[in-house]
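Undergrad:
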Amino acid sequence: MRMIKTAITLVALGLLLISHAQESGIYTDEDRMFREALELYNNRQYQSAQTLFEKIGSQTQNESTAANSAYYAANAAVRLNQVGADRLMEEFVENYPTSTKRDAAFLDVADYYFENGKYPYALKWYQKVEPGTVPYKDRDRYHFNMGYSLYAAKKPEEAKAYFNKVSNSAKYGAQAKYYLGFIAYQQDDYEGASQRFDQITDQNLLDEKLSYFQADLNFKLGNFEEAIALAKKQLPVSDRQEVSELHKIIGESYFNLKQYAEAIPHLEAYRGKQGKWNNTDFYQLGYCYYQQKDYANAILQFNKIIGGKDPVAQNAYYHLAECYLELDKKQEALNAFRNASQMDFSTEIQKDALLNYARLSYEIGNAYEPVTDVLMAYLEKYPKDEHRTEVQDLLVDSYLTSRNFKGALELLEENRNFANKSTYQKVAFFRGMELFTEGDYAETVEVLDRAVKSDADAVFTARSRYWKGEAEYLLNRFDQALLDFIRFQQSPVASGTVEFRELDYNLAYTYFKLRDYNSAIPYFRNFENKNSGDLKGQDAVVRLGDCYFVTREYDPAVKAYSRYISANGSEKDYAAFQRAISYGFMGRNETKITELKDFKSRYPSSTLNDDVLFELGNTYVRENKEQEGLRAYAELVDTYNGSKLVPEALLRQGLVHYNANRNEEALSQFRAVVSKYPRSEEAVQAVNTAKLVYMDMGRVNEYAAWVRNLDFVEVSDADLDNATYESAEQQNLENRKEAAIRGFENYIRDFPSGRHIADAHFKLAQLYFGEGKMDEALPHYRYVADRGGNEYKEQALTRTCELLLAKGDNAKAMEYLLRLESSADIPQNRTYAQQNLMRLYYGQQEYQKTLAYADKVLATVGIDDRIRSDAQVMIARSAMRTGDESRAEEAYGRVLKIATGIIAAEALYHDAYFKQKRGALEESNTAVQKLAREYSIYKEWGGKGLILMAQNFYALGDAFQATYILESVIGNFSQYPEIQSRAKEELGKIKAREAEKNASVNPNEN
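When the letters of the sequence shown are read in order and numbered with mature numbering (1 follows the signal peptide of the UniProt record, and there is no 0), they come out as residues -21 to -1, 1 to 985.
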């Protein structure tokens, strides 16, 4: 048994030996493969190493080998940036928790990512490392790398904890202190940063990294000279961007040391952040130039600061204004002072800027806001200021220079201490003149009466009386007008005034209107003698003839009319007609007939041709030339059927037939008068004369049947009709206006078809008009204007047009204006109609008709500048609307020479517009400045002008002026949405362009 056992044992041992031999061979091969894989790994042949490690890991039975293979395969995947590499490393840790490489795995991967600059990945893996497992020799490296990874991840507070752990490390200490200092620097802890940087002794690190930051730190700590030295030392070894920043440090340091000349080249060498400067950069360079008195270059920097709302901007705008003043650019200075005054970062700058803004506004005008508002705002903001008296004086004077006399008068009524009595009187006088020009004659009288009562200056007292008389005259208050003209005449200073030259003329006309012709004659004669060559002198001649004519002094009348005709006066047709009539009253009917027969050939376009035919017919009849007379009447009726004389001509034809016993022909004419012109005075006379014809013919029944159908025939009430009218007329003649108004109203109510109905309506209208009751006057003027055949028709037509235009009833006004144009005997009335038709056609966008009427107006002899400029501006506007800018420019140029008020403002704007189109930008700005200075009350034109000015300034390279002006328009012209919208559009374009080079500009802020 023992033998067998031994044999078995030997067999077993043999098997064991065989097995051991086989196992030893396998391990030997596996080790070789592992070593090969490790060699590949160490030689950075990660792909081949990974493949071999994965093969070993899948075949080996040895857990240690499997763990190591998994570790290196995962590490290789990390280094190959393979997708899922992180997961392989995490699986290694999970699958082999007892591996000696477990603790090293995370640190190794983290170090790999760190060394390759992939700090976010490094941080992820460092955060997986258990700090206690890090070998002692690797701990400084771990802490530094962890700190830097946190720093790179913008977690400076966490980074500081790790850097502090190695701040005394021989290897990492210098760099740790650098980053600790840099973190303090970024957190604006400049003292802390400086302390850290000062602890660094590594010269290479100092040269390589710290010179720039130390220079910047010293600058921020106020050590400007040290900052300059350090920055200059660093300049030769820095890259382009750092060089730019170093120049900025040097430049700003010199700036703070007030060494402005030295600062300039360095500030200019700065390239900005991402190629852009900001407002502070522009300010510093601009201020350096300002201190060097190089105002032009200072402006080039300051005016790039647009949209600033901080202390830097306030300072910049204030100094910009000073620079502009030094170069005598007052409009630009005004804008800059205004901007500085609207900021309160420095109250001292704000106050001084507002004072200068107020002074300049007074001096050159202000298109943004009324100068008076600017000055009043200063007085309200600084009521006890040392400059108060100066500003008060400017305030009062500014109302006068800006022609805001209404505001000036209101101001002085409320603040009499702002000016003396003399200034108050002047203001009242100019306000009265303004009202006179506007046609508000009743208010003119009231205001000028205040000027008269002030009586501080004899000249202005006299002039106020004169124009008060003018206004009263135009209100038909002739008695009061005469009194004021006489008082003006009696003033010792009257002869030295510009008004004195017109006094004889006005006195003459006032007496003329009062029908005191004998008193009017010497004044007309005096005026003719002194002014024989001008239009008014000629007018005085023809009125002198009228006075002689009315007073039956026909020989001097003929002489006066003849002088007028020889002088080729504009009313020579009227004078010729009056001369012919005068010959008749002198018993020289043959001469009269000759003159009347020649009249039409000499004056074919005269509106008096109907009067000539009528008078010719009358004269023939008186000379017993019956047939010639009838032919003259017939020609009048046939040729001028719209004439007021037609009903009387028909009546005269009937009377001629009646006197010649041609009863049927007479009745035919009388019936024609009644049929065509019922209710007229001629119709009443025709009925009365027809009655006699019927009685002579014994056909009274026919007469009775005829008149029963005539609603205006009230034969039984004729006496009452006359008595009622005459009573009202007597009250009117005695200047009892209220009683006269009641009388005429009663007549119109009780006798709507009375024989004096036209006269009553007209005189009632005149009374209402004189009282300023325009709405009450209008229907009565219209009645007379609509009724044919009366002496008041033309005057009523003119007043009707005037009142309808004032009410804004343009459609109805146009109807009456066309009638006035076609029927007016008085040239001034015809011109009035044409002028207003011109305006109305423009309002209807009928530009060709506008131009046609403008030409008619301009062709009129003797029109004043106001009418002439109105016609020229209509031409200009129509030309602009039709695209004919050349003609528009020419017309506005003529307007500019003669216009006043809003028309002048419009012309001045277009002057600026056309100059801009020609490229004369500074001249264009000068025109806008004049617009602001002289016509600031016309805000719409001022706003349009400001947009032109903004465009001009931007084209001239002044972005500040351009943007500031546009922002001011946006803020101050909300009542004109179109102007405001245009300004916003222009401002958006400019800001978008400026934002490309100025980091402080927000292109979306508008």
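For every residue, glycine included, the Cβ atom is placed at its ideal position computed from N, Cα and C.
Of all the options Thr259, Tyr269, Val353, Lys133, which has the alpha carbon lying nearest to the alpha carbon of proline 290?
TA: It is Thr259 whose Cα lies nearest to the Cα of proline 290.
Undergrad: If I follow the unbroken alpha helix (DSSP H) through glutamate 451, where does it start and stop?
TA: It spans 437 to 453 - the alpha helix (DSSP H) in which glutamate 451 sits, taken as one unbroken run.
Undergrad: Could you tell me how far apart the beta carbons of valine 836 and glutamine 814 are, in whole angstroms, since I believe they sit closer than 8 Å?
TA: That belief holds up - the Cβ atoms of valine 836 and glutamine 814 are roughly 5 Å apart, short of 8 Å.
Undergrad: Starting from asparagine 568 and walking both ways along the alpha helix (DSSP H), at which residues does that stretch end?
TA: Its alpha helix (DSSP H) spans residues 568 to 581.
Undergrad: For glycine 475, count neighbouring C-beta atoms within 10 Å of its own C-beta (all shown protein chains included) and say buried if the count is 16 or more, exposed if not.
TA: Glycine 475 should be labelled exposed.
Undergrad: Please work out which residues of its chain come closer than 7 Å, Cβ to Cβ, to alanine 718, disregarding the five sequence neighbours upstream and downstream, and give them in chain order.
TA: Same-chain partners within the cutoff: Gln710.
Undergrad: Let me know if glycine 411 comes out buried or exposed under the rule of 16 or more other beta-carbons within 10 Å of its beta-carbon.
TA: Buried, since its Cβ has 16 or more Cβ neighbours within 10 Å.
Undergrad: Candidates Leu17, Ile882, Glu204, Thr905: which alpha carbon is nearest alanine 891's?
TA: Comparing Cα-Cα distances from alanine 891 to each of Leu17, Ile882, Glu204, Thr905, the minimum goes to Thr905.
Undergrad: For the alpha helix (DSSP H) containing lysine 772, list its first residue and its last residue.
TA: Its alpha helix (DSSP H) spans residues 772 to 786.
Undergrad: Measuring alpha carbon to alpha carbon, tell me which residue in Leu388, Glu393, Phe415 is nearest threonine 402.
TA: Here the closest residue by C-alpha is Leu388.
Undergrad: Are the CB atoms of leucine 159 and lysine 139 within a distance shorter than 8 Å?
TA: In this structure, leucine 159 lies closer than 8 Å to lysine 139 by Cβ.
Undergrad: Following the continuous alpha helix (DSSP H) through arginine 961, name the residue where it begins and the one where it ends.
TA: Here the alpha helix (DSSP H) through arginine 961 covers 956 to 973.
Undergrad: In three-state terms, what does DSSP make of lysine 144?
TA: Of the three classes helix, strand and coil, the one that applies to lysine 144 here is helix, per DSSP.
Undergrad: For isoleucine 207, which of Gly230, Phe13, Arg610 has the nearest alpha-carbon?
TA: The shortest C-alpha separation from isoleucine 207 is found at Gly230.
Undergrad: For a minimum of 4 consecutive residues, which ranges assigned as the alpha helix (DSSP H) are wholly contained in the stretch 515 to 575?
TA: Counting whole runs of 4 or more residues, the stretch 515 to 575 contains the alpha helix (DSSP H) stretches 533 to 545, 551 to 564.
Undergrad: Compare the C-alpha of glutamine 664 against each of Lys385, Ala645, Tyr357 and name the closest.
TA: If we check each option's Cα against that of glutamine 664, Ala645 comes out closest.
Undergrad: Under three-state DSSP, which class holds lysine 252?
TA: Three-state DSSP puts lysine 252 in a strand.
Undergrad: May I ask which residues mark the beginning and end of the alpha helix (DSSP H) holding histidine 298?
TA: Note, histidine 298: alpha helix (DSSP H), 290 to 305.
Undergrad: Considering only C-alpha positions, which residue in the set Ile877, Ser732, Glu864 is nearest to isoleucine 846?
TA: Cα-wise, what sits closest to isoleucine 846 is Ile877.
Undergrad: Three or more beta-carbon pairs under 8 Å between the stretch 870 to 888 and the stretch 912 to 929, yes or no?
TA: Result yes; three or more Cβ-Cβ pairs closer than 8 Å.
Undergrad: Under a three-way DSSP split, which group does asparagine 977 fall into?
TA: Note: asparagine 977 maps to strand in three-state DSSP.
Undergrad: CA-CA distance, arginine 11 and asparagine 95?
TA: Using only the alpha carbons, I get a separation of about 31 Å.
Undergrad: Rounded to a whole number of angstroms, what is the C-alpha to C-alpha distance between arginine 522 and phenylalanine 503?
TA: Rounded to whole angstroms, arginine 522 to phenylalanine 503 spans 7 Å at the Cα level.
Undergrad: Less than 8 Å separating the beta-carbons of leucine 624 and phenylalanine 593?
TA: Yes. Within cutoff.
Undergrad: With 16 as the cutoff for other CB atoms within 10 Å, does threonine 777 come out buried or exposed?
TA: That one is buried.
Undergrad: On the three-pair Cβ rule with 8 Å, is the stretch 266 to 280 touching the stretch 237 to 245?
TA: Contact holds: three or more Cβ-Cβ distances are below 8 Å.
Undergrad: With C-beta atoms as the reference, is tyrosine 91 less than 8 Å away from valine 113?
TA: It is not a contact, given that the beta carbons lie outside the stated cut-off.
Undergrad: Considering just the uninterrupted stretch of the alpha helix (DSSP H) at tyrosine 726, what are its terminal residues?
TA: It spans 716 to 729 - the alpha helix (DSSP H) in which tyrosine 726 sits, taken as one unbroken run.
Undergrad: Can you tell me where the alpha helix (DSSP H) holding methionine 322 begins and where it ends?
TA: Where methionine 322 is concerned, there is no enclosing alpha helix (DSSP H), given that its DSSP letter is neither H nor E.
Undergrad: Thinking C-beta only, is alanine 407 closer than 8 Å to alanine 430?
TA: In contact: alanine 430 and alanine 407 (Cβ atoms closer than 8 Å).
Undergrad: Are the stretch 926 to 938 and the stretch 362 to 373 in contact at 8 Å, needing three or more beta carbon pairs?
TA: Output reads no: the stretch 362 to 373 does not touch the stretch 926 to 938.
Undergrad: With alanine 519 and threonine 489 assumed to form a contact (beta carbons below 8 Å), what rounded beta-carbon distance in angstroms separates them?
TA: No, alanine 519 and threonine 489 are not in contact; Cβ-Cβ is about 13 Å, not under 8 Å.
Undergrad: Compare the beta carbon distance of residue 1030 and arginine 912 with 8 Å and say whether it is the shorter of the two.
TA: No answer is possible for residue 1030: it lies beyond the span of the chain, which begins at -21 and ends at 985.
Undergrad: Nearest to asparagine 383 by alpha carbon, out of Glu348, Tyr268, Asn505?
TA: Considering only alpha carbons, the answer is Glu348.
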